[in-house]
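First the structure, in the form of structure tokens, and then the observations on it.
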Amino acid sequence: LKYRQHHISQHSRSHIELNLVKVLEEIDFVKKQLKAVFDSLSLEQQKTENYLSDWSMKILDYSSEERSNLLSELPIELETLECPYPDLKSSILHEFCNF
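Under this note's numbering, the sequence shown is numbered contiguously, ending at residue 114.
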């Protein structure tokens, strides 16, 4: 009986250790996914910031009247902007209009 209890205890412990290894592997996998998503978003942010910076430089080259005309229309990129969250698009449009 003692042998059997010991054997069951050993089996249970190895099963727990195996589950722990699987959980740790899953955590590592999720961390890698999050890093990839974050890197992608950072790159997209940088591209957007560069684009807006370029656009603002172009606007500064125009006269006041030309600037008003340019800013009264949204660039096609902003009109067709695809965002995963509606609030994000709204915020971007709001910031552009405040610019």
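We put the CB at the ideal spot given by N, CA and C, even for glycine.
Since residue i and residue j are thought to touch, with beta carbons under 8 angstroms apart, how far apart are those beta carbons, to the nearest angstrom?
i	j	result
residue 93	residue 108	6 angstroms
residue 90	residue 70	7 angstroms
Would DSSP call residue i helix, strand or coil?
i	result
residue 97	coil
residue 103	helix
residue 89	coil
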